[in-house]
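Beneath this line is the structure, given in structure tokens, with notes to follow.
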Amino acid sequence: MDTHPLRCTCGTLQGRVLSPRHAMGRGVCYCRDCQAYAHALGRPRDILDAMGGTEVVAVTPAQVVVDRGLDALACLSLGPRGLLRWHTRCCATPVANTPRDWRVAYAGLVHNVLGSDASIDAAFGAARANVNTKSAHGKPPATPLRTVGFVIGAVAKAGGARIGGGYRRTPFFRDDGRPIVEPRVLTREERDAAGAAARRNEGVGVA
Ligand SMILES: [Zn+2]
Ligand SMILES: [Zn+2]
Numbered sequence: 002m003d004t005h006p007l008r009c010t011c012g013t014l015q016g017r018v019l020s021p022r023h024a025m026g027r028g029v030c031y032c033r034d035c036q037a038y039a040h041a042l043g044r045p046r047d048i049l050d051a052m053g054g055t056e057v058v059a060v061t062p063a064q065v066v067v068d069r070g071l072d073a074l075a076c077l078s079l080g081p082r083g084l085l086r087w088h089t090r091c092c093a094t095p096v097a098n099t100p101r102d103w104r105v106a107y108a109g110l111v112h113n114v115l116g117s118d119a120s121i122d123a124a125f126g127a128a129r130a131n132v133n134t135k136s137a138h139g140k141p142p143a144t145p146l147r148t149v150g151f152v153i154g155a156v157a158k159a160g161g162a163r164i165g166g167g168y169r170r171t172p173f174f175r176d177d178g179r180p181i182v183e184p185r186v187l188t189r190e191e192r193d194a195a196g197a198a199a200r201r202n203e204g205v206g207v208a
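Under our numbering, the first residue of the sequence shown is numbered 2, with each subsequent residue one higher.
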């Protein structure tokens with residue numbers, strides 16, 4: 002089967018994305034939470050683009066296979082109801098963001114775990130949607146409407162995982178739907194510090 006490699010920066014965690022051509026879509030998210038998260042990990046320069054965007058490839062969790070280093074996976078959330086933001090504890094590489102409810106079969110793989118831009122273009126296609134651009138540092142180019150439609154349509158399909166096995170096939174949750182590691186919810190102070198750093202566009206690490 003056609004695959005695309007997953008690898009954290011230090012190489013402890015390695016895996017594959019199955020059938021990359023069936024990814025749901027690609028996006029760059031400029032929301033404040035994604036910016037705060039990059040600062041919380043202490044790697045904003047590696048994660049964010051010049052305008053504060055985070056490049057994400059949307060797949061179903063069943064497409065994500067971790068071959069080694071699964072125990073390096075940690076989970077952070079910006080609030081008690083926030084997205085689960087999976088990253089490695091070895092080198093603070095953002096891996097994927099998932100909903101808290103595992104029945105929503107969605108994983109937004111962060112570009113850092115997917116390799117070079119060129120390899121991402123080759124595996125997943127170059128079309129992407131810019132979302133939440135109001136909180137960008139600057140003015141990202143507008144996304145053609147058909148790309149937005151493509152991405153939104155793709156996310157709407159996330160409920161019915163297309164690659165066999167459905168939502169239960171996931172490296173992020175146990176058989177009973179609990180996350181494989183307890184998410185660490187940032188304290189209000191940590192969240193505020195990361196948010197302030199994101200607004201100032203400078204780094205702090207609290208993860
Ligand atoms: Zn690592
Ligand atoms: Zn975001």
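Note that beta-carbon positions come from the ideal geometry of N, C-alpha and C, so glycine has one too.
Exercise for the section: Leaving aside the five residues before and after L115 along the sequence, list all residues of the same chain whose C-beta is less than 6 Å from its C-beta, in chain order. Expected result: Excluding sequence neighbours, L115 sits near I121.
- Buried versus exposed call for R177 [16 or more other C-beta atoms within 10 Å across all chains shown]: The amino acid occupying residue 177 in the given sequence is Asp; Arg does not appear at that position. Answer is exposed; the Cβ neighbour count stays below 16.
Could you tell me if the beta carbon of A97 falls within a distance shorter than 7 Å of some heavy atom in ligand 1? Result no, Cβ not under 7 Å from ligand 1.
**Item:** Distance CB(T99)-CB(N113) smaller than 8 Å
**Value:** Cβ distance not < 8 Å, so T99 and N113 don't count as in contact.
*asked:* With a threshold of 8 Å on Cβ separation, who are the neighbours of V207 within its own chain once the five nearest residues in sequence on each side are excluded?
replied: Any reading at V207 is ruled out, since the residue's pLDDT is 49, under 50, leaving its predicted position unreliable.
Rounded to whole angstroms, what is the Cα-Cα separation between T89 and P172? The alpha-carbon atoms of T89 and P172 are separated by roughly 13 Å.
Requested in this report: Would you mind sorting R104 into buried or exposed? The rule is 16 or more other CB atoms within 10 Å of its CB.
Outcome: The Cβ neighbour count for R104, taken over all protein chains shown within 10 Å, is under 16; the residue is labelled exposed.
Nearest candidate by alpha-carbon position, reference G83, set A127, R33, G16:
Per the Cα distances, R33.
| Hey, is C91 close to ligand 1, as in C-beta under 7 Å from one of its heavy atoms? | Answer for C91: yes, Cβ within range of ligand 1.
Review point. Any heavy atom of ligand 2 closer than 7 Å to the CB of D34?
Key: D34 Cβ: within cutoff of ligand 2.
Q: Starting from the Cα of L19, find the closest Cα among R189, D50, S136, V60 and give me that residue.
A: Residue V60 is the option with its Cα nearest to L19.
>> Tell me the DSSP secondary structure of F173 in three-state form.
In response: Three-state result, F173: coil.
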